[in-house]
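Quick notes on the structure that follows.
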């Protein structure tokens, strides 16, 4: 039985359309040549008209109610966000200046009662693992080793190094520091734990409560902190007393150095 192979007519149809297209293009070129370019001029005019129509439609859409409203709202929102950022920055700056003004006023009041020097804090307390920070005043400003450093009505530490125009403050609650204190007339030895905190032991039964002021006799009777927690326990002969500075040392900008 003879085998017949089916041949697709699609290639022949494609070649036919290709031939027709080539004939059409050649005819257009011939017609343009005979008409001395009038065909090209007509095509360019038509393309220009279509482009102008597209531009007009685009402009009309952008200026229409929907698109114009969305575009206007986007511009307005961007302007409002910029104004809000500016206002927030101004508010933060005003608060910072007010806080600085309050600090300086307090130090001026302190200077009227105690001889000393106002100094700016030039290093971050939180960046020091040793419970220290640096001041922008030293021997030239009358600061010597042993001077007490105060802020917010509380003694923070002592000057441990004094250079010509800088000095180092070691806080009373720095790790490894030990200071004798009085809490509600009860003698307590405070051991520094860093981070503005200290712990001491008081005899069991001592009347010490949260919020009591801690006084450091060696600092001229200045307050050094407040009781934050008391752990009485049940079987211990002593109760643990946890003390902390009421001043946020990380935010310190100015301190008062009391001359010894």
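In my numbering, the protein residues as written are 1 to 260. C-beta atoms are modelled at their ideal positions from N, C-alpha and C, and glycine is treated no differently. Please read all numbers here as calculations on a predicted model, not as lab measurements.
Straight-line spacing of the CA atoms in residue 201 and residue 144 works out to 32 Å.
A distance below 6 Å between beta-carbons, with the five flanking residues on each side excluded, links residue 192 to the following residues of its chain, in chain order: 173, 174, 175, 177 and 198. Put simply, the backbone Cα of residue 132 is about 16 Å away from that of residue 244. The count of Cβ pairs closer than 8 Å, one atom from the stretch 226-235 and one from the stretch 155-172, stays below three, leaving the stretches out of contact. In this structure, residue 216 lies away from residue 184, with their beta-carbon atoms at least 7 Å apart. DSSP, reduced to helix, strand and coil, places residue 217 within a helical segment of the structure shown. Just so you know, the alpha carbons of residue 212 and residue 223 end up roughly 10 Å apart.
Residue state for residue 199 is assigned as strand, using DSSP reduced to three classes.
Beta-bridge partners assigned by DSSP to residue 75: none are found. Apart from the 5 residues on each side of it in sequence, residue 207 sits with its Cβ closer than 7 Å to the Cβ of 184 in its chain, given in chain order. Residue 161 carries a strand assignment under DSSP once its states are collapsed to helix, strand and coil. Apart from the 5 residues on each side of it in sequence, residue 164 sits with its Cβ closer than 7 Å to the Cβ of 138, 139 and 140 in its chain, given in chain order.
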